[in-house]
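Here is the structure we will look at, set down as structure tokens.
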Amino acid sequence: MPIVGVEKVYIAPVTTDTVDSLVFGTPVYYEGIKRLGIKPKQSTEKLYAEDKLWDQKTTFDSADVDIELADMTSAQRVTVLGQTTASEGGVYASSDDEAPYVAILYKAPLRVGYRYGVIYKGAFEIPDDSMDGQEGKVKFQTPKLKGTFQTLKKNGMWEYHVDTTDPNCPENIEDTWFDAVVVPSADTTPPTVATSPLDGATDVAISANMVWTFNEAIDSGKVTAANFFLLKASDGNLVAGALSLDGTGKIVTLNPTNNLDAGAAYIGICTTNVTDLAGNALVAIEVTNFTTAS
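If you're matching positions, the sequence shown starts at 281 in the numbering used here and goes up one per residue.
What follows is the structure, encoded as structure tokens:
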């Protein structure tokens with residue numbers, strides 16, 4: 281989904297980043313964001329053999345990041361550029377100033393929905409100051425920060441984002457994203473599933489669908505007749521019907537072509553070939569036995 285703007289930016293200090301520990305400070309709101317640019321830089325090594333490109337390896341180097349704000353306070357210059365607060369008021373810059381490492385959190389509107397993102401570790405250069413005369417009209421002159429962002433020592437990450445259109449986007453992301461710097465972990469938890477009808481159900485309507493509801497979005501490519509099907513228990517014949525996956529990616533429905541037989545036993549099957557978006561498979565085949573109403 282294309283990005284159509286940028287609404288909010290927060291900056292948090294990187295307090296500790298070692299192979300054993302990663303700590304961020306509390307994100308602080310920087311109002312008046314006009315632009316956030318992120319330009320990753322990669323290095324590609326190429327191996328030539330037999331007069332042609334034989335192999336290649338691309339690695340991430342760093343990312344150039346630029347931010348333009350409507351204004352930048354003296355306190356923000358201290359935090360982001362490592363300048364010093366003067367007892368007489370304001371801040372002063374010295375040749376030995378060292379810009380601290382910071383993380384950038386942002387919210388950007390998409391054509392539909394929003395993107396919430398974080399760039400983990402970088403330092404900014406001193407921005408240029410431009411002071412042009414008005415010459416009959418006001419011309420706003422805004423600070424532009426440029427920085428280089430790198431990978432974290434702790435885990436090698438440099439960027440993370442979540443779109444609200446993602447099936448697994450947290451429902452409360454708007455309320456929590458800027459509370460702290462989020463560092464994701466790999467999803468290794470298998471999905472779970474509930475069924476309708478329930479296993480052991482009786483007096484099920486002959487017009488009922490077989491429905492599998494997962495606790496998270498599943499791989500849509502696994503929604504096939506080989507992985508989701510309904511059998512008539514008496515003869516093992518497949519029940520013909522249409523499979524569908526809802527917009528959340530969590531609910532699979534088998535809508536039988538014809539009504540089920542009255543007073544008959546059926547078996548719904550969901551196989552372990554079904555996986556979530558991270559590739560984690562169901563732990564066991566889901567078998568659902570039910571009987572229709574007479």
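All C-beta atoms, glycine included, are put in the ideal place defined by N, C-alpha and C. Small disclaimer: the values here were computed from a predicted structure and weren't measured.
- Linking asparagine 535 to phenylalanine 509 through their CA atoms gives a straight-line distance of about 10 Å.
- The shortest CA-to-CA distance from tyrosine 394 to any of Glu287, Phe340, Ser301, Ala403 is the one to Glu287.
- Residue state for alanine 388 is assigned as strand, using DSSP reduced to three classes.
- According to DSSP, residue pairing for isoleucine 549 in a beta bridge involves Phe509, Val567.
- Residue pairing by DSSP places valine 484 opposite Thr572 in a beta bridge.
- According to the DSSP assignment, alanine 292 belongs to the beta strand (DSSP E) that extends over 288-297.
- Counting along the chain, isoleucine 498 sits inside no alpha helix (DSSP H), nor does DSSP assign it H or E at all.
- The beta carbons of proline 307 and leucine 385 sit closer together than 8 Å.
- Judged by beta-carbon spacing, lysine 424 lies within the 8 Å limit of aspartate 346, meaning their Cβ atoms are closer than that value.
- Counting only the Cα atoms, aspartate 412 lies some 45 Å from aspartate 446.
- Looking at the DSSP output, glutamine 336 shares a beta bridge with Lys326.
- Of Ser514, Val484, Asn435, His441, the smallest CA-CA separation from aspartate 297 is found for Asn435.
- Asparagine 495 sits away from valine 554, with the two beta carbons spaced by 8 Å or more.
- Excluding sequence positions up to five before and after glycine 529, its CB lies within less than 7 Å of the CB of Pro447, Ala497, Ile498, Ser500, all in the same chain and listed in chain order.
- Between tyrosine 290 and tyrosine 310, the beta carbon gap of about 7 Å places them in contact (Cβ cut-off 8 Å).
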